[in-house]
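Enquirer: No gaps in the numbering here: position 147 of the sequence shown is 147 in UniProt numbering, and each next residue is one more. Built from N, CA and C at the ideal position, the CB exists for glycine as well. Predicted, not measured: the structure shown is a model, and the values here were computed from it.
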Amino acid sequence: MGSAILWCGLVQLGCKSIWFTELLILNILIPFYCYSSSNRIKAALVTLMVSSIAVIAILNLGSFRNRYVDGLKTEWSTEAITTIADPRIERWKAAIELIWSSPIVGYGSGDEVDLLKAKYFQKKLYDSYLHHLNAHNQYLSIWIKFGIIGLLVYLYTLLYGYKLALQSRNILFLSFLLLITIVSFSESILDANKSLFFYSFFFSFFVFSCRPEQRLQ
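(1) Quick one: what does DSSP say residue 105 is sitting in, helix, strand or coil?
(2) Using 7 Å as the threshold, is the C-beta distance between residue 174 and residue 165 below it?
(3) Please classify residue 215 as buried or exposed, where buried requires at least 16 neighbouring CB atoms within 10 angstroms.
(4) Residues in the same chain with beta-carbon distance under 8 Å from residue 199, minus the five sequence neighbours each way, listed in chain order, please.
(5) Does the distance from the CB of residue 144 to the CB of residue 150 come in under 7 Å?
(6) Keeping to the same chain, check which residues put their C-beta closer than 8 Å to that of residue 115; ignore five residues upstream and five downstream.
(7) Can you find the residues in the same chain that come closer than 7 Å, C-beta to C-beta, to residue 148, ignoring five residues on each side of it along the sequence?
(8) Can you look up residue 199 in the DSSP assignment and give me helix, strand or coil?
(9) Could you check what DSSP says for residue 188 in three-state terms: helix, strand or coil?
(10) Can you tell me which of 46, 177 and 182 puts its alpha carbon nearest to the alpha carbon of residue 201?
(11) For the putative contact between residue 112 and residue 134, defined by C-beta atoms under 8 Å, what is the C-beta separation to the nearest angstrom?
(12) I'd like the span of the alpha helix (DSSP H) that includes residue 37, first residue to last.
(13) By DSSP, does residue 88 sit in helix, in strand, or in coil?
(14) Would you mind listing the beta strand (DSSP E) stretches within the stretch 135-182 that are 3+ residues and don't spill past its ends, in chain order?
(15) Using 10 angstroms around the beta-carbon of residue 120, count the other beta-carbons present and answer buried if the total reaches 16, otherwise exposed.
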């Protein structure tokens, strides 16, 4: 019951990346890791049915449709830019142009927003310029700050986590990593202190919980 309430809350918040992650966890991780081989197909069918009902409801309810479908179209639009909201993909293009000027070592921490603002103004992304928006993509954000070297370090930590989670069959760790991986495509999550604490605490916790023999040595 508690999980259902939390899930409904996520839907109401309208965070598309988190909701998409929840669908993957519900339809793939839970049937595969929480049920025996004889019951996996049944569990997958049940979770797929629940997910389908939720998706159909979202597509047919006006408020949710505007928040998810229409909002997604606006964020990924490549049409003429308005002064109301800049498409997210246009901000990514600006970030990529910035990256190519210093792809190896980056520009250092603290300069991302100022450098992006200059690009936003140049590309007439005035809403992004006025609101001091970052890249809204953790991978691009790290690349801007620390270059390809920093990006490879971040990717290595995620892959190392996936390796431990798969070896230990830890569904909570896998769900956490899936959440971080997907949300990193649409948000610069590590730019906020609360998100940085969330990532560092739980990543460290899950890594050590998957390797108890080293913790005891």
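Expert: A quick look at the data gives this:
(1) Working through the sequence shown from its first residue, we reach residue 105 at position 105. DSSP, reduced to helix, strand and coil, places residue 105 outside both helices and strands of the structure shown, so it counts as coil.
(2) For the purposes of this step, residue 174 is identified with residue 174 of the sequence shown, where counting begins at 1. For the purposes of this step, residue 165 is identified with residue 165 of the sequence shown, where counting begins at 1. With contacts defined as CB atoms closer than 7 Å, residue 174 and residue 165 qualify as a contacting pair.
(3) Walking along the sequence shown from the start, residue 215 turns up at place 215. Bear in mind that the predicted position of residue 215 carries a pLDDT of just 47, short of 50, making it too unreliable to give a figure here.
(4) On the sequence shown, position 199 is the one that residue 199 refers to. Excluding residues within five positions, the ones whose Cβ falls inside 8 Å are 180, 189 and 190.
(5) In the sequence shown, the residue the question calls residue 144 occupies position 144. In the sequence shown, the residue the question calls residue 150 occupies position 150. Judged by their CB atoms, residue 144 and residue 150 are not nearer to each other than the 7 Å cut-off.
(6) Within the sequence shown, residue 115 is the residue found at index 115, counting from 1. So the list reads 98, 107 and 144, once near-sequence residues are dropped.
(7) Taking the first residue of the sequence shown as 1, we reach residue 148 at position 148. Here residue 148 has 103 and 104 as same chain residues with Cβ atoms under 7 Å from its own Cβ, once five neighbours each way along the sequence are excluded.
(8) Walking along the sequence shown from the start, residue 199 turns up at place 199. DSSP places residue 199 in the helix class (H, G or I) of the three-state scheme.
(9) Your numbering for residue 188 matches position 188 in the sequence shown. Residue 188: coil per DSSP, three-state reduction.
(10) Taking the first residue of the sequence shown as position 1, residue 201 is located at position 201. Comparing C-alpha distances from residue 201 to each of 46, 177 and 182 shows the shortest one belongs to 177.
(11) Locating residue 112 in the sequence shown gives position 112, counting from the first residue. Locating residue 134 in the sequence shown gives position 134, counting from the first residue. About 6 Å separates the two Cβ atoms, so the contact holds.
(12) Position 37 of the sequence shown holds residue 37. For residue 37, no alpha helix (DSSP H) run applies, since DSSP gives it neither H nor E.
(13) Here residue 88 refers to the residue found at position 88 of the sequence shown. In this structure, DSSP gives residue 88 a helical state, which the three-state scheme calls helix.
(14) Taking only runs of at least 3 residues, no beta strand (DSSP E) segment lies wholly in the stretch 135-182.
(15) Indexing the sequence shown from 1 puts residue 120 at position 120. Flag for residue 120 reads buried.
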